[in-house]
Amino acid sequence: MALIVQKFGGSSVADAEKIERVAWIIAEKYSEGNDMVVVLSAQGDTTDDLLAKAMEINPNPSKREMDMLLSAGEQMSVALMAMQLEKLGLPVVSLTGWQVGMQTNTDYSNARIKAVSGERVRAELDRRRIVLVAGFQGVNSYDDITTLGRGGSDTSAVAMAVALNADLCQIYTDVEGVFTCDPRKVPGAVKLEEITYDEMLELASLGAQVLHNRSVEMAKRYNVKLEVLSSYVRKPGTKVKGVINVEQSKISGVAIDSNVAQIALMGLTDQPGVAFRVFRTLSQEKINVDIILQSSVGRSETKDISFTVARSDMERAVEVLKENQQMVGFKDISMTDKISKVSIVGAGMMSSPGVAALMFESLYDAKVNIGMISTSEIKISVIVDEKDAERAMSSIHRRFFEA
1 MALIVQKFGG
11 SSVADAEKIE
21 RVAWIIAEKY
31 SEGNDMVVVL
41 SAQGDTTDDL
51 LAKAMEINPN
61 PSKREMDMLL
71 SAGEQMSVAL
81 MAMQLEKLGL
91 PVVSLTGWQV
101 GMQTNTDYSN
111 ARIKAVSGER
121 VRAELDRRRI
131 VLVAGFQGVN
141 SYDDITTLGR
151 GGSDTSAVAM
161 AVALNADLCQ
171 IYTDVEGVFT
181 CDPRKVPGAV
191 KLEEITYDEM
201 LELASLGAQV
211 LHNRSVEMAK
221 RYNVKLEVLS
231 SYVRKPGTKV
241 KGVINVEQSK
251 ISGVAIDSNV
261 AQIALMGLTD
271 QPGVAFRVFR
281 TLSQEKINVD
291 IILQSSVGRS
301 ETKDISFTVA
311 RSDMERAVEV
321 LKENQQMVGF
331 KDISMTDKIS
341 KVSIVGAGMM
351 SSPGVAALMF
361 ESLYDAKVNI
371 GMISTSEIKI
381 SVIVDEKDAE
391 RAMSSIHRRF
401 FEA
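Take the sequence shown: its letters are residues 1 to 403, numbered as in our numbering.
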């Protein structure tokens, strides 16, 4: 007998038919003698619908009240799933985040998990009940409901697996596992049997929407056995683990991140401390910077700095920099959000010379121009025009996986 934590996303429980399908998946594992803890997201577009209702009332609501509202979506899901499992004659109980002891900090709308007591869950498991947990939510030191940000149900599931020392954490989605590319955009995408935590973390951070990056970070830290699989097709999924056979492929996947904007500062004084002033100004506003490019070729007194931020941060970043123009010391500023980041990820890159050349050759073949480049031991990212991004992804994928 094993303790299994399962997580089902919103698309997997979007309506009554899908709830019944998921219930049978849970029932099958339970009938094998396993202890079952199941974390659910809100149904389908419920979160978006709740956001729209809030905007009808108050375009600028407090984050505390938004957390109170949005947490209702997951509570609905676990209650409805409990009713379906009761219909199948199975012992079950649905619990909210605070009932399972999901303790978070006080950062409303994007809270971080501090601890999970899990006492109530263990007590229910001892009674051989299936425990349904509302994902995406917790409770802070003020006994206020908090939410974990988009994708937070993945994090809830991994946190439960850590707290309960689960034997396996299964993340069910609408795809069959982790693919070398988005199978909805690239027909030749191949499902991976396994992938390392580091590779999955990079892909999650670079736009792949299979797993939330915070959940992967936690799984890696506590060595949680993780599997990504489909709630629609009964096939083995992709195992996420510490070490795999890196000789099987130079790279594990290609990803697009469209949540990117580029800002360029021109005419900066070419002297020590300038970059520090630029990025300290942004960090004080909690604006995260990704790729950075500095250029001063052919100039003796000035230089330019270009960098990328999230699209949602672009306008605020530009506003803050303009407010501090004299202190930062730039002459002009430009920005664009008509770009995307295309990346390749793979632990095998470390022992495979020529990977970058193959990537850039595939971009040349596709007639895609490169704006900026960023590299690490297991990742190469390029900034391209957004209209070229999918063509770039397809060309790179063909070169590495379909040749």
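Ideal Cβ placement from N, Cα and C applies to all residues, glycine included.
Just so we're clear, the structure is a prediction, and the values are computed from it rather than from any experiment.
Query: Mind checking F307: buried by the 16 CB within 10 Å criterion, or exposed?; Result: buried
Query: Which one of V382, I333, K338, T336 has the shortest CA to CA distance from A457?; Result: In this structure the chain extends from 1 to 403, so residue 457 is not present and cannot be described.
Query: Just the C-alpha distance for L90 and M160, rounded to the nearest angstrom, thanks.; Result: 22 Å
Query: According to DSSP, simplified to helix, strand and coil, what is F330?; Result: coil
Query: How would you call V309, buried or exposed, if buried means at least 16 neighbouring beta carbons within 10 angstroms?; Result: buried
Query: Of the residues N34, M36, E32, A72, which one's Cα is nearest the Cα of L51?; Result: A72
Query: Quick test of your reading: N324 and T281, contact by CB under 8 Å. State the CB separation rounded to the nearest angstrom.; Result: 5 Å
Query: Just how far apart, CA to CA, sit P353 and I378?; Result: 12 Å
Query: Let me make sure I understand the geometry here. Which of L69, V38, V92 has the alpha-carbon closest to that of E124?; Result: V92
Query: Could you tell me how far apart the beta carbons of I420 and V384 are, in whole angstroms, since I believe they sit closer than 8 Å?; Result: Look at the range of the chain in this structure, 1 to 403, and you will see that residue 420 is not part of it.
Query: Which stretch, first to last residue, makes up the alpha helix (DSSP H) that contains D143?; Result: Looking at the DSSP string, D143 is not in any alpha helix (DSSP H), and its letter there is neither H nor E.
Query: By Cβ distance, which residues of its chain are closer than 7 Å to A23, with the 5 residues on each side in sequence left out?; Result: M81, Q84, L85, L88
Query: Using three-state DSSP, classify A392 as helix, strand or coil.; Result: helix
Query: So does the region 57 to 66 actually touch the region 167 to 184, counting three or more Cβ pairs closer than 8 Å?; Result: no
Query: Go ahead and label Y364 buried or exposed: buried means 16 or more other beta carbons lie within 10 angstroms of its beta carbon, across all protein chains shown.; Result: exposed
Query: Buried or exposed for K322, going by 16 or more other Cβ atoms inside 10 Å?; Result: exposed
Query: Within a Cβ cutoff of 7 Å, which residues of the same chain sit near V158, ignoring the five residues on either side of it in sequence?; Result: C169, S215, M218, A219, V224
Query: What are the boundary residues of the beta strand (DSSP E) that includes G242?; Result: Neither: G242 is in no beta strand (DSSP E) and is coded neither H nor E.
Query: My understanding is that E74 touches A42, with C-beta atoms under 8 Å, so please give their C-beta distance in whole angstroms.; Result: 5 Å
Query: Ignore the nearest five residues each way along the sequence and tell me which others in I263's own chain have a CB closer than 8 Å to its CB.; Result: S306, F307, T308, V309, M314, A317, V318, L321, I333, S334, M335
Query: Closest to L201 by C-alpha separation, out of R234, Y232, S252, L164, would be which residue?; Result: S252
Query: Got a sec, what are the start and stop residues for the alpha helix (DSSP H) L211 sits in?; Result: Unbroken run through L211: none, as it is neither H nor E.
Query: Where S351 and L164 are concerned, what is the direct C-alpha to C-alpha distance, given to the nearest angstrom?; Result: 38 Å
Query: Just to check my reading of the structure: I4 and D167 have Cβ atoms closer than 8 Å, yes? What is that Cβ distance to the nearest angstrom?; Result: 6 Å
Query: Please state if the CB of D290 and the CB of R311 are separated by a distance shorter than 8 Å.; Result: no
Query: Measure the C-alpha to C-alpha separation of L211 and V274 and round it to an integer number of angstroms.; Result: 37 Å
Query: So T46 and M76 are supposed to be a Cβ contact under 8 Å. How far apart are they, rounded?; Result: 7 Å
Query: Considering only C-alpha positions, which residue in the set I380, L226, K239 is nearest to L404?; Result: The displayed coordinates of the chain run from 1 to 403. Any statement about residue 404 would go beyond what the structure contains.
Query: Compute the distance between the beta-carbons of L95 and L40, then report whether it is under 8 Å.; Result: no
Query: Smallest Cα separation from L70: which of M372, Q294, N34, G152?; Result: G152
Query: With a threshold of 6 Å on Cβ separation, who are the neighbours of A189 within its own chain once the five nearest residues in sequence on each side are excluded?; Result: F179, T180, C181, P183
Query: My assumption, with CB atoms under 8 Å, is that G135 sits in contact with K7. Please give the rounded CB distance.; Result: 7 Å
Query: Quick one: residues in its chain with C-beta nearer than 6 Å to the C-beta of N140, no 5 flanking neighbours on either side, listed in chain order?; Result: T104, T106, T146
Query: Have a look at the DSSP bridge pairing and note the partners of Q6.; Result: V38, Q170
Query: By Cβ distance below 7 Å, which residues in the same chain neighbour Q99 in space, the five residues on each side in sequence not counted?; Result: R120
Query: Between which two residues does the alpha helix (DSSP H) harbouring S94 extend?; Result: Premise fails: S94 lies in the beta strand (DSSP E), 92 to 95, not in any alpha helix (DSSP H).
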